[in-house]
Amino acid sequence: MEYKSFIGGAWEETSNSTPNINPSDISDTLGHAAVSEVADMDRAIDAAHTAGAVWAGSTPQQRFDVLDFIGTEILARKAELGELLSREEGKTLPEGIGEAARAGQIFKFFAGETLRQTGDVLASVRPNVGVDVTRSPVGVVGLITPWNFPIAIPAWKIAPALAFGNAVVLKPAELVPASAHALAEIISRSGLPEGVFNLVFGRGSQVGPRMIASNKVNAISFTGSVPTGRGIAAECGQLLKKVQLEMGGKNPMVVLDDADLDIAVETCVNGAFFSTGQRCTASSRLIVTEGIYDNFVSAVEARLAGLNVGHALRADTHIGPVVDEKQLAQDLEYVDIAAKEGGKVVGGQRLNRDTEGFFMAPALVTETTNSMRINQEEVFGPVASVVKVKDYDEALAVANDTEFGLSSGICTTSLKHATHYKANAEAGMVMVNLPTAGVDYHVPFGGTKGSSFGSREQGTYAAEFYTRVKTSYTQA
Ligand code: ADP
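The opening residue of the sequence shown carries number 2 in my numbering; numbering runs sequentially from there.
And the structure:
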C-alpha cells in the first residue's frame, strides 16, 4: 500500500517514502508513506487558501452533509479501521476499534454543531443602535498530530475545523500514516470541495516549520511533545498566529484509605497501563495514603501479573507493544533511572514473544518520592510509580506538585474529599473513581500549566479556536 499525500484534491506520489512497520511484528510492513517536501506543503497551503474562501461561504446543510457522511462511514467501518490502527500503532484490537468509533462519533457531533451555530444580538447602550456578535471561520488551519491516537486526534481537529468553515492542512505523525490515509480517503469522497482538506505526509521537522511560518496559514492546532510545542508557540507568538497546544502529562491518581479497593485497583491499572501507557492522560503517579498502601500495592501487582502483553491483534492480549524501538528504549531507560533513584521496580523488562516486536512488561515502581525524575518527567510508556502519603492534604499537595496539569484523579468514597479535590486539583480534567484517561467526545478536553496552551479542544468549546469573533454595530 502506498500512502500518498492528498493535495488540492489529488493523490500525489513522491520520490521518497518510508515504511510503516507493525510494532507487534516488525516483519509486517503495512505500506510505505510519501515523504513530501516543503514545496508540496506550499502547494497544499495554496490549495487550502483558495478553496477556503468557497468553504467559508458554505451553508450549514452542506457542512452537515459532509461531516455526517464521514462520521457514518467511519462508524460503519470501525472494525476494519480499528484493526488497521492496532496494526500500525500497537494498541489492542478493542482499543483500536474503540478509537475508530470515537472518531466517527466526533464527526457526528460536529455535524450536529453545524446546525447550532449561533451569535448574540444585544441592545446597544446608545439609543437606536443594535449590536450583534457573530463568529466567522479563521481561514486555513494547520493541524499537527501525534502517533498515539492516529485517527481520533486528527478527527477531533478536522471535524470542528470543517464544521466552522475552515480549510485544513493536516500533517500527521510519521509513525502512523495508514490511519491518516484511510481518514483522508473517506474525506475525499464526502462531497467536500477540492482543496478544502489536504493531507501532507513528511518529516515534522521539515514540512512542519513551513506550515507554521506560512502567512496563508491562520491558525495552528498541535498535539505532541513539550519541546516541539514550545517551539511552535514561540514561532506563532512572533507571527501573532492563533495557536493551540496539547502536550504532556504526569497525571496523578490519588487513592485514599476510604477508597473501594477493587475500584481503585481497576482505575489505576486501566489509567496507567492500558493503551501501553501511551496516553497523555495516563495515570503515571499513584499517590496512596498509608492505611491502604500495602493492600493496594499487592493488589495492583497481582492484577499486573495476570495481564498478557503481546501482539495487538491477539484476542488474549491486554497490553500491546510499545510503538517503536526508540520509545521502548526511552521507557526502559526511565525504569533504570527510577531504580537508580532508589525506587523498587516490579516488571519493566523487555519481553520476547512469537513475533519480533517492542514488548515490555508493565512496570510498577514503589518507594518513590515525588521529587524523583520518575515522578516529574513524562515517560509515555507502561510505567507507573507509587508515592506513599500520610493523608488527604499531603496527597493533594503531591498531586499538584508537577509542572503538568492535564488530568488528575482521586479514588475515594468521601463526598467531602471528592468535592474538595475537584475544586483544588490543578488540572484541566478531574476524575473521581474513574481513570485519568478515557474521556467523552462531547465535552472540552485539555489541561492547565505546562500541559496545554490556548483554548480547549472538543465539544462546543472548540468554537473558540476554530472561529473569529466579530462585533457589529448598526444604527437604525
Ligand atoms: P513525539 O515525541 O510524540 O513524536 P513530536 O512533538 O516530536 O512528539 O511530534 C508530534 C507531531 O509534531 C508529529 O506530527 C511530528 O511530525 C510533528 N513535528 C515534529 N517536529 C516538528 C516541528 N519542528 N515543527 C512542526 N511539527 C513538528
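Glycine residues also receive a C-beta, built at the ideal position from the N, C-alpha and C atoms.
Under the three-state reduction of DSSP, asparagine 353 is assigned to coil, being neither helix nor strand. In the DSSP annotation of this structure, the continuous segment of the alpha helix (DSSP H) that includes aspartate 69 starts and ends at 61-77.
For the set Gln239, Ile154, Leu246, the Cα lying nearest the Cα of glycine 455 is the one of Leu246.
Inclusion of valine 380 and isoleucine 288 in the CB contact set at 9 Å is not warranted, their separation being larger than that value.
If you draw a straight line from the Cα of leucine 184 to the Cα of valine 201, it is about 13 Å long.
In this structure glycine 278 is not in contact with methionine 248, their Cβ atoms being roughly 16 Å apart against a cut-off of 8 Å. Remark: three or more beta-carbon pairs, one from each stretch, lie closer than 8 Å, so the stretch 354-370 and the stretch 315-334 are flagged as touching.
With distances taken between CA atoms, valine 470 lies nearest to Lys243 out of Lys243, Glu334, Ser452. About 20 Å separates the beta carbons of phenylalanine 108 and isoleucine 145, which is beyond the 8 Å limit, so they are not a contact pair. With a cut-off of 8 Å, the C-beta of threonine 19 is classified as distant from ligand 1, since no heavy atom of the ligand falls inside that distance.
By the neighbour-count criterion, in which 16 or more other beta carbons inside 10 Å mark a residue as buried, serine 372 falls on the exposed side.
Using a 10 angstroms sphere on the CB of proline 151, the tally of other CB atoms reaches 16 or more, which defines it as buried.
It is roughly 13 Å from the alpha-carbon of serine 28 to the alpha-carbon of aspartate 325. The C-beta distance from cysteine 412 to alanine 265 rounds to 4 Å, short enough to fall under 8 Å. The DSSP assignment places 384-390, 408-412 as complete runs of the beta strand (DSSP E) inside the stretch 371-420, in order along the chain (cut-off: 3 residues). By the Cβ neighbour-count rule, valine 122 is exposed, with fewer than 16 other Cβ atoms within 10 Å of its own.
Where asparagine 271 is concerned, the enclosing alpha helix (DSSP H) starts and stops at 262-274. For leucine 241, the number of other beta carbons within 10 angstroms of its own is below 16, and it is reported as exposed. Excluding five sequence positions before and after leucine 163, the CB atoms of its chain that fall closer than 8 Å to its own CB belong to Trp56, Arg64, Val67, Leu68, Phe111, Val169, Leu193, Val197, Phe198, given in chain order.
For lysine 391, same chain residues with a beta-carbon under 8 Å away, outside a window of 5 residues either side, are Thr290, Glu291 in chain order.
In the three-state scheme derived from DSSP, where H, G and I count as helix and E and B as strand, glycine 292 is classed as helix.
One alpha carbon belongs to glutamate 368, the other to glutamate 267, and they sit about 21 Å apart.
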